[in-house]
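Each residue of the sequence shown is one higher than the one before, counting from 38 in the working numbering.
Cβ coordinates follow ideal geometry from the N, Cα and C atoms, glycine included.
Model, not experiment: these values are computed from the prediction.
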Amino acid sequence: FHTQTAGCSLTAPQPHNNIVRTALEALAATLGGTQSLHTNSFDEAYAPPSEEAVTIAMRTQQILAHESGVADVVDPLGGSYFIEHLTGSLEKQAGEYIAKIESLGGAVAAIEHGYQQKEIQDSSYRYQKEIEGGKRTVVGVNKFVSPYPKIKGLLRVKPEVERRQKERTAQVRKERDSSKADKALNRLGDVARSADNTMPACLECVEAYATLGEICDVLRKVFSTQKEFLVF
């Protein structure tokens, strides 16, 4: 299974604290037996990550893998009473959510009722109120606060990058076999309207140099798009 460290834990104040947060989250994922891991970059509360921040995120994984010894043992927390207790509690709560969603008619029906959206919004609201009220400590935000220098080296994507990418895309569409691409896109639409797996048809589109936008346009016409609505 894949794990990504928590983007919601990254803070703009004292951003270098995020390096420590990410390292702890990555350690927890490794102890939990993750097979694939993405470590967030410390500056992502501001912008897409810089090269320096991405490198630190990668080095975090490499230090865990090659210096800590945590990856040398299978299930290092196996038999821990505390971990077993947490696992049992999590399983119980997950079961309650699944039962509630099933009682609403399944996942799609629950989305249409706004159930998942409301649960996420309520949880976010409680989390933020705990921080603002001091019940939950976030170092550098509501405790141990100090002035911090303006972060340097943030990634700024220049308009030139967008222009160059548009030119490259136009060149690909000009040089590809248009009939092959159209045929692949039409087949994708047919498959999407059936009960078949769409992945082989998507791969066929990619091999015919159909763009991501063209592929998504076909799928949008078949499946439409999720329209978020306000829940209270």
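Residue closest to residue i, alpha-carbon to alpha-carbon, out of the options
i	options	result
Cys45	Cys239, Ser161, Thr248	Ser161
Glu265	Gly171, Val178, Asn77, Gln153	Gln153
Cys253	Glu244, Ala245, Cys239	Cys239
Ala66	Ser78, Ala43, His150, Tyr83	Ala43
Val259	Val243, Leu222, Lys187	Leu222
Phe181	His39, Thr40, Asn54	Asn54
Leu64	Ser117, Thr40, Ala144	Thr40
Alpha-carbon spacing of residue i relative to residue j, whole angstroms
i	j	result
Lys220	Gly69	45 Å
Gln99	Ala146	43 Å
Asp214	Ser261	28 Å
Arg76	Ile157	According to the sequence shown, residue 76 is Thr rather than Arg. Cα to Cα, the separation comes out at about 23 Å.
Arg173	Arg257	41 Å
Asp112	Gln202	45 Å
Ala229	Lys211	26 Å
Glu199	Tyr246	19 Å
Gly226	Ala218	13 Å
Ser87	Leu123	36 Å
Those residues which DSSP pairs with residue i across a bridge
i	result
Gln41	His75
Lys187	None, per the DSSP bridge assignment.
Chain B contact for residue i (CB, 8 Å cutoff)
i	result
Glu62	No chain B is present in this structure, which holds just one protein chain.
N-terminal and C-terminal residue of the alpha helix (DSSP H) that residue i is part of
i	result
Arg213	Neither: Arg213 is in no alpha helix (DSSP H) and is coded neither H nor E.
Glu89	88-103
Gly27	Nothing can be reported for residue 27: it is not among the residues displayed for the chain, which extend from 38 to 269.
Val57	54-68
Glu81	Glu81 -> no alpha helix (DSSP H), and no H or E assigned at all.
Ala49	First-last for Ala49: undefined, no H or E at that position.
Pro113	From DSSP, Pro113 is part of no alpha helix (DSSP H); its letter is neither H nor E.
Whole alpha helix (DSSP H) elements within the region 139-194, 4-residue minimum:
144-150, 152-169
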